[in-house]
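Each remark here refers to the structure printed beneath this line.
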Amino acid sequence: MTMERPRVTAAALKARLDGAFFSGVVRHFVRTTGEEPAIVERQVLECLRYLYLISRYPEPLAGLFLPVEQAIDEVWHYLILQTREYRELCEERLPGRFFIHHRSLPYEDYQEAQASREQAIEEALRWLPLYRDEFGPFDEGALPHWTMVRFLHERLGLSLEAIAALDAGNGAALSSVERAR
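In this text, residue positions in the sequence shown follow full-length UniProt numbering: the first is 1, and each later residue adds one.
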């Protein structure tokens, strides 16, 4: 019998940041963006999920284009600027225990480096099963923050349940995304 690995809860992920630091990040973005605290808290959580996945799965995710929306990238930039706390998060509190570097790359430049459209789609889908396995399926709150998930839901009409069933290497998943583009 195989044991299912426990999922990483939102509370456990938030606890990887000092409580006062997490609250300070939320306050900063509420103040600078005008967003509601609940939305900003979710943005910070999804940023932490992104960083967790990069840390846990460096090989399959290395060099892939950022799969989250700009607001999540802005949270990441802010965390990086808090150098001591960011280093501690990466090297002591995330599973890979290595510093996660950031590199700005326009999507057009990333796209030009792809061997094929199919490869680009496969790479975009690669995040989905890893997210599901670690945090459970995407929910409505995560939807606005993950680019491919939002595309699959809004443009292709896939339900969150159908998205949860996708695997990156699934030929049917690649075909449906390719047809929609």
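Here a beta-carbon is modelled for each residue, glycine too, at the ideal position from N, C-alpha and C.
Asked	Found
Taking the DSSP output, what are the residues bridged to residue 146?	68
Please classify residue 43 as buried or exposed, where buried requires at least 16 neighbouring CB atoms within 10 angstroms.	buried
Using only the alpha-carbon positions, how far apart do residue 132 and residue 21 sit?	27 Å
Keeping to the same chain, check which residues put their C-beta closer than 8 Å to that of residue 1; ignore five residues upstream and five downstream.	Residue confidence for residue 1 is low, a pLDDT of 41 falling below 50, so the modelled location carries little weight and cannot support an answer.
Which residue's Cα is closest to the Cα of residue 99: 15, 148, 52 and 156?	52
Specify the secondary structure class of residue 181 as computed by DSSP and reduced to three states.	Any reading at residue 181 must be qualified, since the residue scores a pLDDT of 49, below 50, and its modelled position is unreliable; the value itself is stated next. Coil, per DSSP.
Taking three-plus beta-carbon pairs below 8 Å as touching, is the segment 11 to 29 in contact with the segment 70 to 88?	yes
Just to confirm, are residue 147 and residue 35 a CB contact at a threshold of 8 Å?	no
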